[in-house]
Amino acid sequence: MSAVKFHITTRSGNARTGVIATPHGPIKTPAFIPVSTKATVKTLDVHDLQKLKAPAVLANAYHLYLRPGPELIAKLGGVGEFMGWNGPTFTDSGGFQVFSLGFGLEHGVGKVANIFPDEDLQGRASQTRKRLFNIDKDGANFVSHLDGSKHRFTPENSIEIQQMLGADIIFAFDECTSPLHGKKYTAEAMERTHAWAKRCLQAWTNRDKQGLYGIIQGGAYKDLRIASSEFICALDTPGIAIGGSLGKSKKDMYEIMDWTIPVLPEDKPRHLLGIGEVEDLFGASARGIDTFDCVSPTRNARNGSVYIRPENGGTAKNKYSINIRAGKYSQNTEPIDPGCKCFTCQNHSRAYIRHLFVSEELLAMRLATIHNLHFIFTLMAEIRHAIQQETLHNLADNWQINP
RNA sequence: UCCCGGGUAGCUCAAUGGUGGAGCAAGAAGCUGUUAACUUCGAGGUUGUCGGUUCGAAUCCGACCCCGGGAG
32 MSAVKFHITT RSGNARTGVI ATPHGPIKTP AFIPVSTKAT VKTLDVHDLQ
82 KLKAPAVLAN AYHLYLRPGP ELIAKLGGVG EFMGWNGPTF TDSGGFQVFS
132 LGFGLEHGVG KVANIFPDED LQGRASQTRK RLFNIDKDGA NFVSHLDGSK
182 HRFTPENSIE IQQMLGADII FAFDECTSPL HGKKYTAEAM ERTHAWAKRC
232 LQAWTNRDKQ GLYGIIQGGA YKDLRIASSE FICALDTPGI AIGGSLGKSK
282 KDMYEIMDWT IPVLPEDKPR HLLGIGEVED LFGASARGID TFDCVSPTRN
332 ARNGSVYIRP ENGGTAKNKY SINIRAGKYS QNTEPIDPGC KCFTCQNHSR
382 AYIRHLFVSE ELLAMRLATI HNLHFIFTLM AEIRHAIQQE TLHNLADNWQ
432 INP
């Protein structure tokens, strides 16, 4: 008996709408899942999340393992119960931290294009910091970023931790690579991820309560992506995630999706890890992605970057957000995004939000987070509606996007 | 009126004869499975004014202006 079931409700081209049934309720797809790394969507409480109609939240095994510990969370009823959230929950495996606190920390890079296409590892040498994770064949040793204590993750204990955390959807322990990794290393990491995925499948015993997603790797290499897709799909997990490096540009990212998605079975939910920005949500939904998670809306909100529709004052370079700290908003009485129905825009001006940011008032981050998540959830609802109406291209045109 | 101290970036202050700096503020950019209320960057100056000494003055000298404190 599978804990996670998916059925498609409509199709339009490669895009589809559907419902993922979880033990804590349904998720209408395509859906954006906000990140609640340490069992909180930063600055918000669960009442906010309910009012915003967050479809689910995604917490993190590495962070919750270090603090407060999976035993405690298990004892207190699992991560959802612990944080007072009664909707669906996901946990990430800690695989991303193997990368972000290992290679990523050492070289100052992420999984997507935050470098110039011709920049290489040499050019990044000045940004090196000491890595906290060291990977090996069977897992990864790491030192806690909190207190320097030594720990080890393996596929088996990642799954065990995630079973203790008790989220509805859990992810295989994988190795994420960066756009800076060459094909040889990316292939090694992929093979390791495949071996680990089999071990995760073995270790996954709580099948009637939690659904496991396998994770496809392969970087920006077509043959690797296809091979990885075939391998992971053959494991027959309840869901499939696309992880790893998504290249050095949005074009690369879409290319990777175009290689990968045709290999995937129609009847399983597809999660795109760590994406997205506004354009990405269109492009990936149009290609048949069902769920996303990303820190971008919440982190950007806390850093003063708030989302707007393109007609409301964006620049050619940045059509979908403004920097609300900018001096030019000091007397601006409009809401962040005119027409937005969120609490923040219904009640407060750009001038006030700017003042709160400039004054380093905590409310700034909360109001901005409410806005950005409302914006993204509204966008996802529009995308679902457009898929149902077969008008996704019109919607994209309205948003000045070529997905 | 006299005495003392001071006047350098928006603010608080360094620099004691040898190319005027810092912190904060202000400005801009960035952030994609959160080590992130984070990171990066640029700009900003006739050193109160006028004169003098000196190869060279924020620095020494004189006058004046302004601020603070004290005396009468």
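Going letter by letter, the first sequence gives residues 32 to 434 in my numbering. Cβ atoms here follow ideal geometry from the backbone N, Cα and C, with glycine treated the same way.
Proximal residues to residue i (C-beta, below 7 Å), its chain only, five neighbours per side dropped
{"i": "Asn331", "result": "Ser352 and Asn403"}
{"i": "Cys376", "result": "Pro366, Ile367, Asp368 and His402"}
{"i": "Gly135", "result": "Gly141 and Ser209"}
{"i": "Asp123", "result": "Leu89, Asn91, Ala92 and Phe202"}
{"i": "Thr40", "result": "Thr48, Gly49 and Val50"}
{"i": "Ala395", "result": "Ile384, Leu387 and Phe388"}
Own chain residues within Cβ distance below 6 Å of residue i, not counting five before or after
{"i": "Thr53", "result": "Val35, Pro119 and Asp199"}
{"i": "Pro148", "result": "Only weak support exists for where Pro148 lies, its pLDDT of 41 falling under 50; the coordinates are left without a value."}
{"i": "Ala427", "result": "Phe313 and Pro434"}
{"i": "Asn429", "result": "none"}
{"i": "Met114", "result": "Ala70"}
{"i": "Met284", "result": "Leu277 and Gly278"}
{"i": "Asn343", "result": "Asp368 and Pro369"}
Residue interval of the beta strand (DSSP E) (run including residue i)
{"i": "Gly135", "result": "Run containing Gly135: none in the beta strand (DSSP E); it sits in the alpha helix (DSSP H), Gly135 to His138."}
{"i": "Phe37", "result": "Lys36 to Ser43"}
{"i": "Asp324", "result": "Thr322 to Cys325"}
{"i": "Ser336", "result": "Ser336 to Tyr338"}
{"i": "Lys181", "result": "Lys181 to Phe184"}
{"i": "Lys229", "result": "Per DSSP, Lys229 belongs to no beta strand (DSSP E); it is in the alpha helix (DSSP H), Lys214 to Ala234."}
{"i": "Lys59", "result": "Gly56 to Thr60"}
{"i": "Ser33", "result": "Taken as a continuous stretch (DSSP letters only), Ser33 belongs to no beta strand (DSSP E), as it is neither H nor E."}
Sub-8 Å separation of residue i and residue j beta-carbons
{"i": "Phe37", "j": "Gly56", "result": "no"}
{"i": "Leu303", "j": "Ile273", "result": "yes"}
{"i": "Asp174", "j": "Lys181", "result": "In the sequence on display, residue 174 carries Val and not Asp. Yes. Within cutoff."}
{"i": "Thr185", "j": "Glu206", "result": "no"}
{"i": "Leu196", "j": "Pro101", "result": "yes"}
{"i": "Gln193", "j": "Ala220", "result": "no"}
{"i": "Pro434", "j": "Phe313", "result": "yes"}
{"i": "Pro61", "j": "Ile320", "result": "yes"}
{"i": "Thr364", "j": "Ser380", "result": "yes"}
{"i": "Ala228", "j": "Glu187", "result": "no"}
{"i": "Val143", "j": "Ile166", "result": "no"}
{"i": "Phe406", "j": "Arg356", "result": "no"}
{"i": "Val294", "j": "Ser260", "result": "yes"}
{"i": "Asp239", "j": "Ile64", "result": "no"}
{"i": "Ser43", "j": "Ile414", "result": "no"}
{"i": "Arg162", "j": "Leu132", "result": "yes"}
{"i": "Thr322", "j": "Ile58", "result": "yes"}
{"i": "Phe204", "j": "Gly126", "result": "yes"}
{"i": "Gly179", "j": "Thr217", "result": "no"}
Close-in-space but distant-in-sequence residues of the same chain around residue i (CB under 8 Å, 5 per side omitted)
{"i": "Lys84", "result": "Phe408"}
Endpoints, alpha helix (DSSP H) assigned at residue i
{"i": "Cys264", "result": "Lys253 to Ala265"}
{"i": "Ile432", "result": "Ile432 -> no alpha helix (DSSP H), and no H or E assigned at all."}
{"i": "Asn403", "result": "Leu393 to Gln420"}
{"i": "Pro101", "result": "Pro101 to Lys106"}
{"i": "Tyr285", "result": "Lys281 to Thr291"}
{"i": "Thr48", "result": "Note, Thr48: premise wrong, no alpha helix (DSSP H); beta strand (DSSP E) at Ala46 to Thr53."}
{"i": "Ala382", "result": "Arg381 to Val389"}
Contact belief for residue i with residue j at Cβ below 8 Å, rounded distance in angstroms
{"i": "Gly111", "j": "Asn117", "result": "7 Å"}
Any non-hydrogen atom of the ligand ADP within 7 Å of residue i CB
{"i": "Trp227", "result": "By its list of ligands, the structure shown contains no ligand whatsoever, and the ligand ADP lies outside what it can speak to."}
Cβ pair count under 8 Å reaching 3, the segment 389-409 against the segment 329-346: yes
Inter-stretch contact at 8 Å, needing at least 3 Cβ pairs: the segment 87-101 / the segment 60-70: yes
Segment contact flag, the segment 200-207 with the segment 238-245, C-beta cutoff 8 Å, min 3 pairs: yes
The segment 366-373 touching the segment 291-309, judged by at least three CB pairs closer than 8 Å: no
Cβ pair count under 8 Å reaching 3, the segment 251-266 against the segment 287-294: yes
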